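Heads up: the sequence shown runs through residues 30 to 205, numbered per this note's numbering.
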Amino acid sequence: MDGTLRVAGTIGESIVDGPGIRYVIFTQGCPHRCPGCHNTKTHDFDGGVVLTLDALYGDILRNPMLSGVTFSGGEPFCQPAPLATLAAALHEKGKNIMVYSGYTYEQLLELGDDAMALLQQADLLVDGPYLEAVRDLSLRFRGSRNQRVLDVPLSLKTGAPVWAKGYQQEAASNDF
């Protein structure tokens, strides 16, 4: 598979970056620079290392226990084309894809074709910037109450953001 990706790092097995056992790719480069961000080393667009998609794909497939892959950051939508390519190949192997973004779902729809290609490969999306003022460590897979966990295929089908099952109740209990 052609392409490269600038990454801050990877985690071979994680249970805190999405449902199930997941491989996590921390993309390098982020325009949001949210106050209180716990991944500040990912902000610099010239930092990290460049890896081939083939190398990442091979590393991911070495572990048959993985249920999916999470693209975190940095900001994955700053490198949407190679991530969409990788996600499509992983879907063919039965892996689900979760993406974290400091952009809202609505903003992502406006970013263009490459962003849409990645969005179309996502199963779950955690959207919105991290906001320290509404930090809530009791939430699953996100750090602040403004962030949503969206069912991307259903959101694209209906034309509006749709909460993933099991997360909306969590949000409702926090007045969001």
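Glycine residues also receive a C-beta, built at the ideal position from the N, C-alpha and C atoms. Being a predicted model, the structure only gives us computed values, none of them experimental.
- DSSP lists Tyr52, Ile126 as the bridge partner or partners of Val98.
- The straight-line gap separating the alpha-carbon atoms of Val178 and Asp156 is approximately 7 Å.
- With a cutoff of 8 Å on beta-carbon distance, Ala117 and Gln150 are scored as near each other.
- Annotated as distal: Gly131 and Ser96, with beta-carbon spacing of 8 Å or more.
- As the crow flies, the alpha-carbon of Cys107 is around 13 Å from that of Arg62.
- For Pro182, the closest C-alpha among the options Val45, Asp143, Trp192 is that of Trp192.
- Here Ser173 has Tyr159, Leu160, Val163, Arg164 as same chain residues with Cβ atoms under 6 Å from its own Cβ, once five neighbours each way along the sequence are excluded.
- Taking a cut-off of 8 Å for Cβ pairs, the segment 75-95 and the segment 138-147 do not touch, as fewer than three such pairs fall below it.
- Around the beta carbon of Glu135, a 10 Å sphere encloses fewer than 16 other beta carbons of the protein chains shown; the residue is thus reported as exposed.
- Minimum Cα-Cα distance from His67 among the listed residues Leu166, Thr81, His120 corresponds to Leu166.
- Straight-line spacing of the CA atoms in Ile89 and Tyr196 works out to 27 Å.
- The continuous stretches of alpha helix (DSSP H) do not include Ser167, and DSSP gives it neither H nor E.
- Pairing Ala189 with Asn175, the inter-Cα distance amounts to about 17 Å.
- The criterion of a C-beta distance shorter than 8 Å is satisfied by Gly103 and Cys59.
- Distance from the CA of Met127 to the CA of Thr99, rounded to the nearest whole angstrom, comes to 5 Å.
- Secondary structure note for Ala189: it is in no alpha helix (DSSP H), with a DSSP letter that is neither H nor E.
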